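One structure is given below, encoded as structure tokens.
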Amino acid sequence: FTEFSEVRNAGGRASEALRSIICVDQMLGVGAVIVIHHTDCGLTHLRNDYLHKSLTEKAPKNAEEIAEMEFGEIFEAENAVCYSLKASVVEDMKILKDSPYLRKNLKVYGYVYDIKTGKLQEVKE
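For the sequence shown, the working numbering gives the first residue as 15, with consecutive numbering after it.
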């Protein structure tokens, strides 16, 4: 085992990573979780409506299931799931802290990684 485990997924969203974090915590006892989202993330360019349309064209028989899918989009608009990278980090930190499957004393930290400067900016709840 290593000193840390890395869980990656599209958008770095906690909802998708939760299962893996729970498993690692049960096996090793996680000391802390660090949520990092980066600038120019692919999910700042993809929209749920576009993905719903595209997937429905590929699998029209699954249209009802596809309509319920959430892809964790991140963009600055009124109807966005998250209004900014910082907001998405805060939302993901909350998902982890509120999970009934993780310890209440689990430390959760959040950062935005700027891919141009290489710097991490801490995000507080």
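We put the beta carbon where it would ideally sit given N, CA and C, even for glycine. Since this is a predicted model, take the numbers as computed values, not measurements.
Next on the checklist: Less than 9 angstroms between CB atoms is the rule here; does D39 satisfy it with respect to chain E?
Outcome noted: Here there is only one protein chain, and chain E is not present.
Next on the checklist: Helix, strand or coil for G45? Go by DSSP, reduced to three states.
Outcome noted: DSSP, reduced to helix, strand and coil, places G45 outside both helices and strands of the structure shown, so it counts as coil.
Next on the checklist: I need the straight-line Cα distance from L57 to M41, nearest angstrom please.
Outcome noted: Each residue's Cα considered, the two are about 31 angstroms apart.
Item to check | Spatial distance of V106 from D39 (CA atoms) | outcome: Checking the sequence, you will find Asp at residue 106 rather than Val. Between D106 and D39, the C-alpha separation is close to 17 angstroms.
Checklist entry - Could you give the distance in angstroms between the alpha-carbon of E84 and the alpha-carbon of T131? => result The straight-line gap from Cα to Cα measures roughly 31 angstroms.
Checklist entry - What is the DSSP secondary structure of K72, counted as helix, strand or coil? => result Helix at K72.
Next on the checklist: If distances are taken between C-alpha atoms only, which option among S19, N62, G43 comes closest to G25?
Outcome noted: Per the Cα distances, N62.
Next on the checklist: In this structure, how does DSSP classify F18 when only helix, strand and coil are distinguished?
Outcome noted: Looking at F18 - three-state DSSP - the assignment turns out to be coil, as it is neither helix nor strand.
Checklist entry - Alpha carbon to alpha carbon, how far is V21 from I48? => result For V21 and I48, the gap between their C-alpha atoms comes out near 10 angstroms.
Item to check | Inter-residue Cα distance where the pair is Q2 and D128 | outcome: Residue 2 lies beyond the stretch modelled for the chain, which goes from 15 to 139, so this question has no answer here.
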